[in-house]
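**Q** Pasting a structure below so you can have a look.
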Amino acid sequence: MKELSYKERFLRSLRLEPVDRVPIPAFCTHPLVELMEQTGLTAPDIHYKQDDMVKFALAAYEILGLEGVRLPTDGAFEAEAIGCPIDIGARDRNPSVANHPFKLNDIRIPNDFMLKERIPIYLEAVKTVKRLVGDDIPVTAHFQGPVTMASQLVGAETFLLGLTDKKKEIKALLDIVTEICIKMGNALNEAGADVLQFPDGMATSEIISPQMFEEFVQPCFQKILWSVPCPIVLHICGNTTPILPSLKEIGAAGFSFDVKVSVSDAKRILGTEMSLIGNISTQETLLHGSKDDVHRECLAAIRSGINVLAPSCGFAPHTPLGNIKEMINTAKITSDR
Ligand SMILES: [Zn+2]
């Protein structure tokens, strides 16, 4: 097989077409402190200044060696633009929603939220990165999933209690945030992202039962995934084994999952429907493990049929770059399964 470009290998892997080896694109957030030190960049500037956002995204490809560029490094963009107060974080702490000002029975979204706060910076950064890396390097961008976004707006407790005693209001809220997801997804696609990642950590089976997932979440996911004409990878952390069967028909190009889900279970249930992405432990292995641990876990994931090698969730800020480089090396030298 002729040498594939990083983008071609990634896209083929998403389409479940033959490849020479697993790709290891930039996938999940990487607010890495060691990478900030090597580039002279820092947080929160990498989250708030367009040039720094672009340089930091490029550094993960140029310096670290990940096979693609990904941005942004936090998941508070949409909630911030809609009106949630933000804690801007620190060098090793991402911006996050500081409190939840919306009432379940009174959700008013500013019509011009796509023009507010960091969203224009983010969209411009995607365009710039795309222009700079050319056509052989995949650009991945993310937009927040509806369950997480709904929880950011009204608070997780209000959202979760509402699933049983305020179903009508919760469904109305999910309809609203689903439209926001569709707008963000389409804007990122138009800005030039080759692949979109769609993380929704709050939709995990550790928080939402499979029955509630089917009733409340699955219809939103389907609507979003069918409304954005770009390969989209759903990411849900934690143990999602109970909902794997429900993910079959949602229309995602791939599913990016946690180390708590076994690759062979995911392969058995979803393997003919979508690409499987993951699932190297971000805490035990990548943050605290040795290079040997990283190598072993990557090799096991590849041998079990993972299609795209990636961390099980966002990289922890203090993850040693050496461990991520070991992931990359293992992907590159492992051609057979
Ligand atoms: Zn995650």
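In this note's numbering, each number is its position in the sequence shown, counted from 1, plus 39. No residue lacks a Cβ here, since even glycine has one placed at the ideal position from N, Cα and C.
#1: State the Cα-Cα distance for the pair Ala340 and Ile319, rounded to the nearest angstrom.
#2: Using the C-alpha atoms, what's the distance from Leu235 back to Ala292?
#3: Less than 8 Å between the CB atoms is what I'm expecting for Arg60 and Lys330, so what's the real figure, rounded?
#4: Do the CB positions of Val178 and Ala118 come within less than 8 Å of each other?
#5: How far does the beta strand (DSSP E) with Ser244 in it reach, from first residue to last?
#6: List the endpoints of the continuous alpha helix (DSSP H) containing Leu283.
#7: Look at the Cβ atom of Pro57, then the Cβ atom of Tyr45, and state whether they are nearer than 8 Å.
#8: Can Gly184 be considered in contact with ligand 1, in the sense that its beta carbon sits closer than 7 Å to one or more heavy atoms?
#9: Report back the beta-carbon spacing between Val272 and Phe237 to the nearest angstrom; my notes put them in contact at under 8 Å.
#10: If you draw a straight line from the alpha carbon of Gly184 to that of Met241, how long is it in whole angstroms?
#11: Taking 8 Å as the cut-off, decide whether the C-beta atoms of Phe345 and Val300 are in contact.
#12: For a test of your reading of the model: does the CB of Cys220 fall under 7 Å from any non-hydrogen atom of ligand 1? Yes or no.
#13: Tell me, please, which residues DSSP counts as bridged to Ala180.
#14: Label Thr321 either buried or exposed according to how many other C-beta atoms from any shown protein chain fall within 10 Å of its C-beta, with 16 as the threshold for buried.
#15: Let me check you understand the geometry: is the CB of His274 closer than 7 Å to at least one non-hydrogen atom of ligand 1?
#16: Return yes when the Cβ of Leu162 is within less than 8 Å of the Cβ of Ala388, no when it is not.
#17: Is Gly353 near ligand 1, with its Cβ less than 7 Å from a heavy atom?
#18: Is it buried or exposed for Thr311, if we count other Cβ within 10 angstroms and need 16 for buried?
#19: Of all the alpha helix (DSSP H) runs that stay within the bounds of the segment 272-350, which reach a length of 4 or more residues?
#20: Residue range of the alpha helix (DSSP H) that Asn144 falls in?
#21: Please identify the residue among Leu53, Asp145, Pro258 and Asp131 whose C-alpha is closest to the C-alpha of Val347.
#22: Excluding the five sequence neighbours on either side, which residues of its own chain have a C-beta within less than 6 Å of the C-beta of Ala355, listed in chain order?
#23: Just to confirm before moving on: does the CB-CB distance between Asp131 and Val72 stay below 8 Å?
**A** Working from what's here:
#1: 8 Å
#2: 10 Å
#3: Not a contact, Cβ separation roughly 19 Å.
#4: no
#5: Neither: Ser244 is in no beta strand (DSSP E) and is coded neither H nor E.
#6: Leu283 to Leu286
#7: no
#8: no
#9: 7 Å
#10: 9 Å
#11: The question names Phe, yet the displayed sequence has Ile at residue 345. Contact flag unset, no.
#12: no
#13: Leu110 and Leu235
#14: buried
#15: yes
#16: No information on residue 388 is available, as it lies outside the stretch 40 to 376 that the chain covers here.
#17: yes
#18: exposed
#19: 283-286, 302-309 and 330-342
#20: Note, Asn144: premise wrong, no alpha helix (DSSP H); not H, not E.
#21: Leu53
#22: Thr321 and Leu326
#23: yes
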